[in-house]
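Position 44 of the sequence shown, counted from 1, bears residue number 54 in the numbering used here, the numbering being contiguous throughout. The structure appears right after this line, and notes come after that.
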Amino acid sequence: MIQTKEKRELLGAYGVKEGEFSLLNSGENDTFLFQSGDKKFVIRRYRHHRYTLQQVKAEVAWMRHVRSILPVPEIVENINGYEITKLGSRFYLAFEYIDGNGISTPNHQDYARLGSLLSTFHSTIPKVNSSLELDRSLQSRPSYKGEDVIYEAISSLCSASFLSNQQKEQCERKGEEMKKWLPHLSNDQFIHGDVFFGNIIESGEQWYLLDFDECGFGDRAFDIGVPRMHLLASSQLETYWPSFSAAYENMPSEETVRAGTALRIMYMMGKIPKRLDIDHIKENPSRFIERYMELIDSELSGASFI
Numbered sequence: 011m012i013q014t015k016e017k018r019e020l021l022g023a024y025g026v027k028e029g030e031f032s033l034l035n036s037g038e039n040d041t042f043l044f045q046s047g048d049k050k051f052v053i054r055r056y057r058h059h060r061y062t063l064q065q066v067k068a069e070v071a072w073m074r075h076v077r078s079i080l081p082v083p084e085i086v087e088n089i090n091g092y093e094i095t096k097l098g099s100r101f102y103l104a105f106e107y108i109d110g111n112g113i114s115t116p117n118h119q120d121y122a123r124l125g126s127l128l129s130t131f132h133s134t135i136p137k138v139n140s141s142l143e144l145d146r147s148l149q150s151r152p153s154y155k156g157e158d159v160i161y162e163a164i165s166s167l168c169s170a171s172f173l174s175n176q177q178k179e180q181c182e183r184k185g186e187e188m189k190k191w192l193p194h195l196s197n198d199q200f201i202h203g204d205v206f207f208g209n210i211i212e213s214g215e216q217w218y219l220l221d222f223d224e225c226g227f228g229d230r231a232f233d234i235g236v237p238r239m240h241l242l243a244s245s246q247l248e249t250y251w252p253s254f255s256a257a258y259e260n261m262p263s264e265e266t267v268r269a270g271t272a273l274r275i276m277y278m279m280g281k282i283p284k285r286l287d288i289d290h291i292k293e294n295p296s297r298f299i300e301r302y303m304e305l306i307d308s309e310l311s312g313a314s315f316i
């Protein structure tokens with residue numbers, strides 16, 4: 011929730027006398043809808059100590075460049091003309107409000123369009139990269155290279171008080187197993203990190219890509235693994251994966267997709283101990299770890315591949 015002092019400072023930062031904040035989403039960061047009369051915009055409050063100022067600046071810079079490829083919300087500047095607002099130790103971004111709807115029950119056509127969108131993103135970004143090689147400000151984003159993801163995930167899990175020693179050993183063994191798949195993940199480029207329907211708004215015929223707060227550098231299969239992971243978790247892979255994969259031009263090999271998806275799931279596993287402030291996770295965090303382990307097993311064994 012937005013605290014009274016925080017609300018007052020945010021209103022002042024954006025030059026608004028009064029208005030209401032309503033929570034839209036609480037996850038990696040908190041997202042609020044701000045409304046004052048007929049004026050609306052969306053505010054993201056970054057998790058404490060999750061990102062540095064340079065990383066948030068890099069996220070903003072990448073959003074500007076991606077806007078030349080795909081529709082992305084504009085950032086609303088504060089009264090001092092800055093895109094990033096800092097209150098105490100927390101960072102905030104404000105975005106234009108997109109008048110549209112989420113896609114809560116995607117169909118075959120939606121998955122095909124998502125595959126095409128991600129394919130366009132991945133094929134165009136390297137061309138953007140080549141023209142931005144000297145811009146160091148764009149490099150301050152997380153690495154999703156396999157070794158980094160596995161190390162950080164296992165370190166996080168092994169320090170989790172809610173896991174038994176036996177469970178921690180299982181996590182370590184899974185990390186060692188994952189390392190054998192890393193040769194399939196050799197590409198390193200800018201990726202969104204969380205492309206799925208929860209981060210897309212449909213406005214008329216236009217799709218807007220949201221939430222670049224997990225963008226970074228890694229294999230494109232890590233990105234492809236996000237919608238695949240959601241399909242696996244909802245037992246809809248057999249139904250919708252063919253539509254997605256057929257629309258994604260130049261799909262990586264089966265082994266690369268499996269490795270990228272398993273790595274993305276391990277990344278999620280590693281975040282569970284850091285998300286115990288989220289109600290539905292803190293009730294039974296071990297259950298999430300167990301489920302993610304099952305999904306990784308299904309990918310690495312090939313049992314889930316279509």
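Virtual Cβ for every residue (Gly too), placed ideally from N, Cα, C.
Distance, residue j Cα to residue i Cα
i           : j           : result
residue 28  : residue 82  : 27 Å
residue 265 : residue 255 : 14 Å
residue 56  : residue 309 : 32 Å
residue 188 : residue 171 : 23 Å
residue 26  : residue 74  : 25 Å
residue 231 : residue 196 : 10 Å
residue 17  : residue 228 : 37 Å
residue 192 : residue 267 : 11 Å
residue 106 : residue 45  : 12 Å
residue 175 : residue 167 : 11 Å
residue 58  : residue 155 : 24 Å
residue 177 : residue 163 : 14 Å
residue 118 : residue 199 : 28 Å
Cβ-based burial, residue i [other Cβ within 10 Å; buried from 16]
i           : result
residue 202 : buried
residue 190 : exposed
residue 63  : exposed
residue 271 : buried
residue 274 : buried
residue 280 : buried
residue 233 : buried
residue 292 : exposed
residue 2   : Nothing about residue 2 can be read from this structure; the chain reaches only from 11 to 316.
residue 221 : buried
residue 297 : exposed
residue 184 : buried
residue 92  : exposed
residue 14  : exposed
Residue of the options minimising C-alpha distance to residue i
i           : options               : result
residue 71  : 116, 148 and 34       : 148
residue 38  : 23, 60, 47 and 31     : 60
residue 77  : 53, 217, 42 and 239   : 217
residue 301 : 210, 245 and 250      : 245
residue 52  : 75, 84, 67 and 66     : 84
residue 21  : 65, 97, 80 and 34     : 97
residue 181 : 44, 161, 200 and 54   : 161
residue 114 : 224, 146, 209 and 214 : 209
residue 68  : 207, 91, 226 and 45   : 226
residue 215 : 248, 101 and 109      : 109
residue 276 : 103, 87 and 165       : 165
Continuous beta strand (DSSP E) stretch holding residue i: start and end
i           : result
residue 42  : 40-46
residue 55  : 49-55
residue 35  : 30-36
residue 161 : Premise fails: residue 161 lies in the alpha helix (DSSP H), 156-168, not in any beta strand (DSSP E).
residue 218 : 216-219
residue 300 : It is not in any beta strand (DSSP E) - residue 300 instead sits in the alpha helix (DSSP H) that spans 295-311.
Integer Cβ distance of residue i from residue j, believed to fall under 8 Å
i           : j           : result
residue 23  : residue 94  : Actually they are not in contact, since the Cβ atoms of residue 23 and residue 94 sit about 11 Å apart, beyond 8 Å.
residue 286 : residue 239 : Actually they do not touch by this definition, with Cβ atoms about 21 Å apart.
residue 111 : residue 212 : 6 Å
residue 299 : residue 173 : 7 Å
residue 206 : residue 252 : 17 Å between Cβ atoms; not a contact.
N-terminal and C-terminal residue of the alpha helix (DSSP H) that residue i is part of
i           : result
residue 259 : Looking at the DSSP string, residue 259 is not in any alpha helix (DSSP H), and its letter there is neither H nor E.
residue 104 : Unbroken run through residue 104 is the beta strand (DSSP E), 100-106; no alpha helix (DSSP H).
residue 14  : 14-23
residue 177 : 175-189
residue 69  : 63-76
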